[in-house]
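Each protein sequence line maps, in turn, to chains A and B.
Sequence positions in the first sequence follow the numbering used here and run 20 to 280.
Sequence positions in the second sequence follow the numbering used here and run 540 to 619.
Input: a single structure, listed below in structure tokens.
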Amino acid sequence: MITHVGAVFVASFLASTVEFVEAFTIVLVIGATINWKSSLAGAGLGILALAAIVSILGTALVRFVPINALRLVVGVLLVLFGLKWLKKSIMRYAGLKALHDEEAIYEEQLSELRAAGKAKSTSIDPFGLVTAFKSVLLEGLEVAFIVITFGIQISGKGQGNGIAIASLAAALAFVVVVAIGAAVRAPLQRIPENTLKYVVGIMLTTFGTFWGGEGLGIVWWGNDIFLLVLAAFYLVISWFLVTRLRPYAQPASIKTAEEAR
Amino acid sequence: MSDKTRKNPLVKALAAIYDFFAGDHIILAGVAAAFVVGALLVHTLHGPMAIDLIVFVALIVGGLVLTLRREAAGREKPRQ
Numbered sequence: 020m021i022t023h024v025g026a027v028f029v030a031s032f033l034a035s036t037v038e039f040v041e042a043f044t045i046v047l048v049i050g051a052t053i054n055w056k057s058s059l060a061g062a063g064l065g066i067l068a069l070a071a072i073v074s075i076l077g078t079a080l081v082r083f084v085p086i087n088a089l090r091l092v093v094g095v096l097l098v099l100f101g102l103k104w105l106k107k108s109i110m111r112y113a114g115l116k117a118l119h120d121e122e123a124i125y126e127e128q129l130s131e132l133r134a135a136g137k138a139k140s141t142s143i144d145p146f147g148l149v150t151a152f153k154s155v156l157l158e159g160l161e162v163a164f165i166v167i168t169f170g171i172q173i174s175g176k177g178q179g180n181g182i183a184i185a186s187l188a189a190a191l192a193f194v195v196v197v198a199i200g201a202a203v204r205a206p207l208q209r210i211p212e213n214t215l216k217y218v219v220g221i222m223l224t225t226f227g228t229f230w231g232g233e234g235l236g237i238v239w240w241g242n243d244i245f246l247l248v249l250a251a252f253y254l255v256i257s258w259f260l261v262t263r264l265r266p267y268a269q270p271a272s273i274k275t276a277e278e279a280r
Numbered sequence: 540m541s542d543k544t545r546k547n548p549l550v551k552a553l554a555a556i557y558d559f560f561a562g563d564h565i566i567l568a569g570v571a572a573a574f575v576v577g578a579l580l581v582h583t584l585h586g587p588m589a590i591d592l593i594v595f596v597a598l599i600v601g602g603l604v605l606t607l608r609r610e611a612a613g614r615e616k617p618r619q
């Protein structure tokens, strides 16, 4: 079904964009405060480690794990990721958390690095290298997870190479984020991150519920069409929760970077 | 958790894995309950599919609602 392939492409693209934005923010901070050599070396090593992990796990997942068991595992993980993002987005829309995460994280990282006395130098700095490496590997692993899990779903339904489609979406997201980041030379605070995270949270929770349910043996009415019903349901519920939480927002609260995480 | 325990590399590794996959014990409990109860309903009790579906989704949403309720509980609701 073309719509299913399209939905997987869009979901992979959006989810990957969020992860790349997070990783790219850290890489930018390290580059701007320590030096670009350490930052890019750390990011490069992170990508290499990620490629090695994905090539091994990807093959193992596709070849050896039964599809229903995989749907169950993937469903659980996607629901967990989705609800985590949804919770943060709801809290931000309700005013319980700072809206501009990347700006807050950028400022926090900047002051931490300055406080640590990290002056700019041209040689590789272990702290900068490890920080960039860790961020790229961690966020990249989430992208890999999204790509493999979304991709396998359509591969399992005989709709071509799902991993290739999801990888293409992730690659496009990477190009878009890097291009935007390079163009603005700022920590990507202009991208409405919360909107992105909210949409991704809804999509991950929807797909997770659907695939997890399939893995359990639940038969959804209308099969894939029920994805739209689930997405609409989560949208309504989340907006209801936003309206219920708004009275608890502190009007002039100091939203720290720690709170924004 | 004591400082000594927190410095243990194994505990730190487990905490990092937990943060990566869940990061919220109420959401984790809700999702776990949804899948365990869902599996029981489908494979053991053989209930009507509509009931299985509603209970499954309700438990997932329940985890989200409870964790947000806890977040709100720590803040004083201003008088209208």
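Idealized CB from N, CA, C, for every residue including glycine.
Quick caveat, the model's predicted, so the values are computed rather than measured.
Neighbour flag for residue i against chain B, beta carbons, 8 Å
i: G114(A); result: no
i: I45(A); result: no
i: T228(A); result: yes
i: G19(A); result: Any property of residue 19(A) remains undetermined from this structure, which presents chain A solely from 20 to 280.
i: A279(A); result: Confidence in A279(A) is poor, its pLDDT being 46 and thus under 50, which makes the residue's placement unreliable; the coordinate value appears in the next sentence. Closer than 8 Å: no.
i: M222(A); result: no
i: V98(A); result: yes
i: I256(A); result: yes
i: V95(A); result: yes
Chain A residues whose Cβ lies nearer than 9 Å to that of residue i
i: H582(B); result: L235, G236
Contact with chain A by residue i, beta-carbon distance below 8 Å
i: I566(B); result: yes
i: V600(B); result: yes
i: V594(B); result: no
i: V604(B); result: yes
i: V570(B); result: yes
i: D591(B); result: yes
Secondary structure of residue i, DSSP reduced to three states
i: R90(A); result: helix
i: I143(A); result: coil
i: K56(A); result: helix
i: D584(B); result: The sequence given here has Leu at residue 584(B), not Asp. Of the three classes helix, strand and coil, the one that applies to L584(B) here is helix, per DSSP.
i: W230(A); result: helix
i: W240(A); result: coil
i: N547(B); result: coil
i: G114(A); result: coil
i: D558(B); result: helix
i: G25(A); result: helix
i: R614(B); result: coil
i: N180(A); result: coil
i: A268(A); result: coil
i: D591(B); result: helix
i: N213(A); result: helix
i: M540(B); result: At M540(B) the pLDDT is 49, less than 50, meaning the model places this residue with poor confidence; the figure from the coordinates comes in the next sentence. M540(B) falls in the coil class under three-state DSSP.
i: V37(A); result: helix
Spatially closest choice to residue i from the options, by CA coordinates
i: A573(B); options: G234(A), L264(A), T262(A), Y267(A); result: G234(A)
i: V37(A); options: R265(A), A189(A), I109(A); result: A189(A)
i: S142(A); options: A60(A), V29(A), P266(A), L47(A); result: A60(A)
i: M110(A); options: G220(A), P145(A), G236(A); result: G220(A)
i: Y253(A); options: V98(A), I72(A), F28(A); result: V98(A)
i: L598(B); options: A250(A), T228(A), R263(A), F245(A); result: T228(A)
i: I565(B); options: V195(A), G181(A), K106(A), L148(A); result: K106(A)
i: L246(A); options: T224(A), A62(A), N213(A); result: T224(A)
i: P145(A); options: N54(A), I184(A), T214(A); result: N54(A)
i: G232(A); options: P548(B), L580(B), L603(B), V550(B); result: L580(B)
i: F43(A); options: W258(A), G101(A), F28(A), G65(A); result: G65(A)
i: I184(A); options: L67(A), A117(A), G170(A); result: G170(A)
i: V162(A); options: W230(A), V248(A), I72(A); result: I72(A)
i: A151(A); options: I45(A), V248(A), L96(A); result: I45(A)
i: L148(A); options: S257(A), L47(A), L115(A); result: L47(A)
i: L605(B); options: L549(B), D563(B), P548(B); result: D563(B)
i: S57(A); options: V95(A), K153(A), V195(A); result: K153(A)
i: V24(A); options: G181(A), T214(A), V197(A), G236(A); result: G181(A)
i: V570(B); options: L67(A), F100(A), F39(A); result: F100(A)
i: F559(B); options: M222(A), S74(A), E158(A), V255(A); result: E158(A)
Where residue i meets chain A, residues with beta-carbon distance less than 7 Å
i: A578(B); result: L235
Beta-carbon neighbours of residue i, restricted to chain B and to distances below 8 Å
i: T103(A); result: A small fix is needed here, since residue 103(A) is Lys in this sequence, not Thr. Result: A561, G562, D563, I566.
Neighbour list for residue i in chain A, Cβ cutoff strictly below 8 Å
i: L607(B); result: K106, I109, M110, L260, L264
Three-pair Cβ contact test at 8 Å for the stretch 240 to 260 of chain A versus the stretch 87 to 97 of chain A: no
At least 3 beta-carbon pairs within less than 8 Å: the stretch 23 to 33 of chain A vs the stretch 158 to 173 of chain A: yes
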